[in-house]
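A.B. asks: Here's a structure for you.
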Amino acid sequence: MPRQPAKTRRGRRVKTRGRRRGRAASKRWSQRVTRESDALDLEGGVFTRASPKAIALSLKRSALRSRRRKADPYRSALSMLTFYVNRAGRNLPATRRRTLEKAKRELKAAFGREKA
């Protein structure tokens, strides 16, 4: 049986302030951030690549080309990678997490930020 809208004592309908759609709408906010934020214009499937070097080079390419970033290219690329890892949380398999952590090191090397 479908749920009836909440009513007051006089039978008028009470507005629910977005509670019904709130769950579905907020569920994919990180996808919206990745797609619409001013951080970077990313290539499709960049975080699903097998090679850490390929991920790092794609992020570097995107960071250098993007006109939507606010910070310098290295910082923007690293922040998007960190954002992805953090949002995946426990759902990210250990092997994938290791690949992405290696991609951070590769990104550092690609931008020449390694300490001697």
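Per the numbering used here, the sequence shown runs over residues 1 to 116.
We treat Cβ as the ideally placed atom computed from N, Cα and C, and that holds for glycine.
Going by C-alpha to C-alpha distance, which of Arg28, Arg61 and Ala94 sits closest to glycine 44?
C.D. replies: Cα-wise, what sits closest to glycine 44 is Arg61.
A.B. asks: Tell me which residues share the same chain as lysine 108 and place their Cβ nearer than 7 angstroms to its Cβ, disregarding the 5 neighbours each side in the sequence.
C.D. replies: Excluding positions up to five away in sequence, the list reads Glu114.
A.B. asks: Under 8 angstroms, do alanine 94 and alanine 56 count as touching if we go by C-beta distance?
C.D. replies: No, the pair does not count as a contact, with Cβ atoms beyond the cut-off.
A.B. asks: By how many angstroms is the C-alpha of tyrosine 84 removed from the C-alpha of leucine 64?
C.D. replies: Spanning the two alpha carbons is a distance of roughly 19 angstroms.
A.B. asks: Taking the alpha carbon of lysine 53 as the reference point, which residue from Arg32, Leu92, Ala88 and Leu81 has its own alpha carbon closest?
C.D. replies: Selected option, being the one with the closest Cα: Leu81.
A.B. asks: Whose CA, out of Tyr74, Arg75 and Ala50, lies closest to the CA of arginine 97?
C.D. replies: The shortest Cα separation from arginine 97 among Tyr74, Arg75 and Ala50 belongs to Ala50.
A.B. asks: Can you list, in chain order, the residues of its chain whose CB lies under 8 angstroms from that of serine 76, leaving out five sequence neighbours each side?
C.D. replies: Result list for serine 76: Ala39, Leu40, Ala63, Ser66, Arg69 and Lys70, in chain order.
A.B. asks: Starting from alanine 109, trace the alpha helix (DSSP H) both ways and give me its first and last residue.
C.D. replies: Segment 94-110, the alpha helix (DSSP H) holding alanine 109.
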